[in-house]
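S.K.: Take this structure, written in structure tokens, and hold onto it; I'll ask about it next.
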Amino acid sequence: MSVLGTSPDRSDADAKLRGQAIFGADLSRTGMLWAALARSPVAAGRIRAIDPAPALRVDGVLEVLTSADVPDWRTGVIVSDTPLLAADYVAYEGEPVAIVVAESRTAAEAGSRAVALDIETAEPVSTPEQALAPGARLVHPDWNRFAVAGGADIGRGGNVVAEVVHDPGDLDEAFAAADVVVEGTYRTPRQYQAHLEPKMALATYESGRFTIEVSHQYPFRLRDRVAQILGVAPSTVRVVGHHIGGGFGAKLDVSLEAFAALLARRFRRPVRMQHTALEERLVAPCRANAIVAVRSAVRRDGTILATDVEIVSDSGAYANNGPALSSIPMFVFGSIYRVGTARIRTRNVYTNTAPTGAYRGVNGPWLVFANERHMDAIADALGRDRRDFRLESLAQDGDLMRNGQPLVEASILREAFDRVDELAPWRDIVSRNQEQSDVVLRGARQSGAVSRSAEQSGTVQHGVRQDDIGSGEAGGQRAITGELRGVGQAAAVWLTNPMPGHATVKLNEDGTATVITSATENGSGAVATGLRQIAAEALGLAANAVTITMPDTDATGYDAGSQGSRTTHVVGRAIADASADVRSQVLDRASQMLEAAPEDLVIAGGVVTVAGVPAASLTLGAVAQAATWSDGPITAGASYVTPTPPHDPMCATGMLIKGWPTPTYHLHQAEVSVDPVTGRVTVDRYVVCQEVGRAIHPDAIAGQIQGGVAQGLGFALSERVDLDHGRYVLRTFKAHGLPLAEDVPKVEMIVMEHADAAGPYGAKGAAEPPIVPVAAAVANAVSDAIGVPFDTLPITPEAVLEALEAEPNGEAVARAARERSEQERETTGRAS
0 MSVLGTSPDR SDADAKLRGQ AIFGADLSRT GMLWAALARS PVAAGRIRAI
50 DPAPALRVDG VLEVLTSADV PDWRTGVIVS DTPLLAADYV AYEGEPVAIV
100 VAESRTAAEA GSRAVALDIE TAEPVSTPEQ ALAPGARLVH PDWNRFAVAG
150 GADIGRGGNV VAEVVHDPGD LDEAFAAADV VVEGTYRTPR QYQAHLEPKM
200 ALATYESGRF TIEVSHQYPF RLRDRVAQIL GVAPSTVRVV GHHIGGGFGA
250 KLDVSLEAFA ALLARRFRRP VRMQHTALEE RLVAPCRANA IVAVRSAVRR
300 DGTILATDVE IVSDSGAYAN NGPALSSIPM FVFGSIYRVG TARIRTRNVY
350 TNTAPTGAYR GVNGPWLVFA NERHMDAIAD ALGRDRRDFR LESLAQDGDL
400 MRNGQPLVEA SILREAFDRV DELAPWRDIV SRNQEQSDVV LRGARQSGAV
450 SRSAEQSGTV QHGVRQDDIG SGEAGGQRAI TGELRGVGQA AAVWLTNPMP
500 GHATVKLNED GTATVITSAT ENGSGAVATG LRQIAAEALG LAANAVTITM
550 PDTDATGYDA GSQGSRTTHV VGRAIADASA DVRSQVLDRA SQMLEAAPED
600 LVIAGGVVTV AGVPAASLTL GAVAQAATWS DGPITAGASY VTPTPPHDPM
650 CATGMLIKGW PTPTYHLHQA EVSVDPVTGR VTVDRYVVCQ EVGRAIHPDA
700 IAGQIQGGVA QGLGFALSER VDLDHGRYVL RTFKAHGLPL AEDVPKVEMI
750 VMEHADAAGP YGAKGAAEPP IVPVAAAVAN AVSDAIGVPF DTLPITPEAV
800 LEALEAEPNG EAVARAARER SEQERETTGR AS
């Protein structure tokens, strides 16, 4: 029986449920020192002096190090712009300026607070608009001295970290031929990963080598970045991974590890570091805030002749991954919809704020938000049904993306629209909402709030909850609450991250198998479920007969980490190839032992049997033992790197990501109700249709879809990462706005399987895409509900009320709803 398509228990479930799993935050060593960072209290300024004396007076503090005591070069993933400790100036609040080493964590943190800093403050460059303004102060005056990996031309200049431009040069002609020009500007905030386990590092130094124990999504990048920062060979750095208490992209680059390693070498003792809750928020590599301006030339028949896109994203004080992410808009605009010619310009800019970074879906959620809000805007401008307009604009199989890459399976998206419509028919929902809008208009008109002429003009188009019009327990008519109701859709094509993956599969002498890899289990279940099932399927084992090791860069081949849904597809492919080699070795050895041809043997249930002769069989353990004591253990290793898809290498300047590998297709549909009294948005129904290639572990995929939607709802409706003069306003979770269980509906899921020839048993990526279309679908639904376009996130109750008050007749509808609510309360009070 195949283990594929089943949902066995996670390998880490028991240990985590019992509290026995060892996370990085649990680690300790005898003789261990603690260290903490003194950080800048201001967003911008010149360092005049650092006085360690007050810190050294704290009982238990051993030493305070400043920039004079550490490597003085700058490093980075792509642009080498980041110092280990700030020397001359600080570029964001929370930037490290000194390290305090102590005998205890309490002493280290007290010492870090005691370091006396003399900083001449400067007015921070707080926003992307300020960064690009003429005469803007430079965040980094010496930006042109920063080296770029490989010497790549990424379009740098002043406060511009990177610029990517695709300009075919024919936009003017297309816009001149347009019947309608539709414009929109879409603004999105930062989003904080909010993982439970804080960042940490435990480093030791012995015999000229560093060992770093950590909870990290990408051990090999960490190895290379620590080596880069310390100026040592990567082979002198060993990274050992432990269970990860959440990451969502926040644990993909270096954080505290280089500091701990440096100190371990200096003191020849283990050194432990861990962020406080406040540090986590101050220096979190949040999803970047961004502004996307889109202008489209359209014919009356719905043909989009041209699209002009201008994007500015906030890199914060340092480049991090921003230059690479600047390529992604090329794959979002003009991909799933036919938009004629397109000019796309993306600029990633420095500001005096904490550096931004990776969060599940990177810039996809805000790019798709802009793209799909704009599709609704065009449909509204033309008076077209929004779903019909999308269907008429969909790309066909073989249509080219902006990089010249053909979307060979674009028709999967049309299937997604059909599948969603079978479950939640669009026309029925729109019709029901329109019928219900009449009830709201009647109530508002009776209160004198809306004139009949306004109703006839169509300036008010709202819906109310279906639940609010119906019979009560006794069959009587229930009171109308006046909640406004809307529906929205958003589609996306998303990549499965490539980069190298490696695995070694070993058949143990007891008939079980061990997979040795540095793939990390970041919570998705890819390692704890899917990879085990892939090996088990090839070797005829139960999933629980396969063990996967924890990451260790000394013991495994290179793996590019838990990011971009790549683990099952890339590492799974490596495991499938290695397992096929192991299987072949088993059959060769067993054929000698059973005196049968390898092609006549069957492996199932941990037993090798001659087909049709059940008595002629051997356990896998017996075969493994025989091999071990003759030719040697049965083991095999394999690597896989996703090939770059065919594309036009001349499509755009400054692109670091050239292709869109292993694309998957997605459609989300949201139904919402809006309370015009409080402004609260409730997501009543959410449908996801997601293409995964092959569902290796259906329950794990369902969990990722539900979790991705939950995070997307937070981004769309409630989460606040506000900045004021470069400094984060909210510093605890109390007012952060993370969605609670009651805020998230049970997601209805349609999983489409279209096997990918390169994937293990056809699997593609599945964990990252569920977050990408959410904000767009919800914003489209809320805009539909209240008749006001929501082009800025988050859509908070305050934003809804402001929009209603600003819209002609919107406040009238809200006032009528409030009056009905007051009448209901009075009636209820008299009855009681």
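Heads up: the sequence shown runs through residues 0 to 831, numbered per numbering that gives the first Met the number 0. Here a beta-carbon is modelled for each residue, glycine too, at the ideal position from N, C-alpha and C.
If I follow the unbroken alpha helix (DSSP H) through Met748, where does it start and stop?
M.R.: Here Met748 belongs to no alpha helix (DSSP H); instead the beta strand (DSSP E) covers 747 to 751.
S.K.: Helix, strand or coil: which one does DSSP assign to Arg112?
M.R.: Residue state, collapsed to three classes: helix.
S.K.: Considering only C-alpha positions, which residue in the set Ala542, Ala774, Ser234 is nearest to Val2?
M.R.: Per the Cα distances, Ala542.
S.K.: Can you name the residues that DSSP bridges to Tyr84?
M.R.: The sequence shown places Leu at residue 84, not Tyr. Beta-bridge pairing links Leu84 to no other residue.
S.K.: So, at 8 Å on beta carbons, what are the nonlocal neighbours of Ile770 in its own chain, with the 5 sequence-adjacent residues on each side left out?
M.R.: Excluding residues within five positions, the ones whose Cβ falls inside 8 Å are Arg359, Gly360, Gly363, Pro364, Gly707, Val708, Gln710, Gly711, Phe714.
S.K.: Straight-line CA distance for Ile468 to Ile377?
M.R.: Model confidence at Ile468 stands at a pLDDT of 29, short of 50, so the residue's coordinates are unreliable and nothing is read from them.
S.K.: At a cut-off of 7 Å, is Gln395 close to the ligand NAP when judged by its beta-carbon and the heavy atoms of the ligand?
M.R.: For the structure depicted, the ligand NAP is absent and the ligand set is empty, with no information on it obtainable.
S.K.: Given this structure, state the Cα-to-Cα distance separating Pro82 from Lys198, to the nearest angstrom.
M.R.: About 19 Å.
S.K.: Using the three-state DSSP reduction, which class does Ser392 fall into: helix, strand or coil?
M.R.: Ser392: helix per DSSP, three-state reduction.
S.K.: I'd like the ranges of any beta strand (DSSP E) spanning at least 3 consecutive residues and lying wholly in the segment 689 to 762.
M.R.: Listed in chain order, they are 747 to 751.
S.K.: If you measure between the beta carbons of Asp558 and Val570, is that distance less than 8 Å?
M.R.: Yes, Cβ-Cβ distance for Asp558 and Val570 is below 8 Å.
S.K.: Give me, in chain order, the residues of the same chain whose beta-carbon lies closer than 6 Å to that of Thr546; leave out the 5 immediate sequence neighbours on both sides.
M.R.: Contacts found: Thr513.
S.K.: Taking the alpha-carbon positions, what's the Pro832 to Ala740 distance?
M.R.: For the chain, the structure presents residues 0 to 831; residue 832 sits outside this window and is missing.
S.K.: Bridge partners for Lys505 per DSSP, in chain order?
M.R.: In the DSSP output, where bridge partners are listed per residue, Lys505 has Thr513, Thr634.
S.K.: When the Cα atoms are used, what is the spatial distance from Ser312 to Val348?
M.R.: Roughly 6 Å separates the two Cα atoms.
S.K.: Between Asp50 and the rest of its own chain, which residues show a CB-CB distance below 6 Å, the 5 nearest in sequence each way excluded?
M.R.: For Asp50, where only same-chain residues beyond five positions count, the Cβ hits under 6 Å are Ala115.
S.K.: The alpha helix (DSSP H) spanning Trp365 covers which residue range?
M.R.: 363 to 381 is the extent of the alpha helix (DSSP H) around Trp365.
S.K.: Identify the residues that DSSP records as bridge partners of Pro95: which are they?
M.R.: DSSP lists Arg38 as partners of Pro95.
S.K.: Out of Val69, Glu391, Val419, state which residue places its alpha-carbon closest to the alpha-carbon of Cys688.
M.R.: Measuring from the Cα of Cys688, the nearest candidate turns out to be Val419.
S.K.: Using the Cβ count rule (16 or more neighbours within 10 Å means buried), how would you classify Lys733?
M.R.: Its Cβ having fewer than 16 others within 10 Å, Lys733 is exposed.
S.K.: Leaving aside the five residues before and after Lys250 along the sequence, list all residues of the same chain whose C-beta is less than 6 Å from its C-beta, in chain order.
M.R.: So the list reads His215, Gln216, once near-sequence residues are dropped.
S.K.: Among Gly248, Thr65, Asp576, Thr663, which one has its Cα closest to the Cα of Ser561?
M.R.: It is Gly248.
S.K.: Buried or exposed: which applies to Trp908, given that a residue is buried once 16 or more other Cβ atoms fall within 10 Å of its Cβ?
M.R.: Residue 908 lies beyond the range of the chain shown here (0 to 831); nothing can be said about it.
S.K.: In angstroms with no decimal places, state the Cα-to-Cα distance between Arg484 and Val236.
M.R.: Cα to Cα, Arg484 sits roughly 57 Å from Val236.
S.K.: From the DSSP secondary-structure annotation, give me the bridge partner or partners of Val429.
M.R.: DSSP output for Val429 lists no bridge partner at all.
S.K.: For the alpha helix (DSSP H) that contains Val225, what are its first and last residues?
M.R.: Note, Val225: alpha helix (DSSP H), 218 to 229.
S.K.: Would you list the one or two residues that DSSP bridges to Ile211?
M.R.: Ile211 pairs with Ala202, Val238.
S.K.: What are the start and end residues of the alpha helix (DSSP H) that includes Pro796?
M.R.: Per DSSP, Pro796 belongs to the alpha helix (DSSP H) from 796 to 805.
S.K.: How big is the Cα-Cα spacing for Gly4 and Leu61?
M.R.: Going by the C-alpha atoms only, they are around 56 Å apart.
S.K.: Here's a check: name, in chain order, each residue in its chain whose Cβ is nearer than 7 Å to the Cβ of Leu170, leaving out the five neighbours to either side.
M.R.: If we look at Leu170 and ignore the five residues flanking it on each side, its Cβ neighbours are Ala305, Asp307, Thr340, Arg342.
S.K.: Gly156 bridges to which residues according to DSSP?
M.R.: Answer is Val159, bridged to Gly156.
S.K.: Residues in the same chain with beta-carbon distance under 8 Å from Ser66, minus the five sequence neighbours each way, listed in chain order, please.
M.R.: Only Pro82, Leu83, Leu84, Ala85, Ala86, Val96 meet the Cβ criterion.
S.K.: Note down the Cα distance separating Tyr91 from Ala287, rounded to an integer number of angstroms.
M.R.: Spanning the two alpha carbons is a distance of roughly 15 Å.
S.K.: Using a threshold of 8 Å, state whether the C-beta atoms of Ala323 and Ala353 are closer than that.
M.R.: Contact: no.
S.K.: Using a Cβ distance threshold of 8 Å, determine whether the segment 285 to 303 contacts the segment 217 to 224, with at least three qualifying pairs required.
M.R.: The segment 285 to 303 is not in contact with the segment 217 to 224.
S.K.: What distance in whole Å lies between the Cβ atoms of Asp80 and Phe174, which are believed to be in contact at a cut-off of 8 Å?
M.R.: At roughly 38 Å, the Cβ-Cβ gap does not stay under 8 Å, so Phe174 and Asp80 are not in contact.
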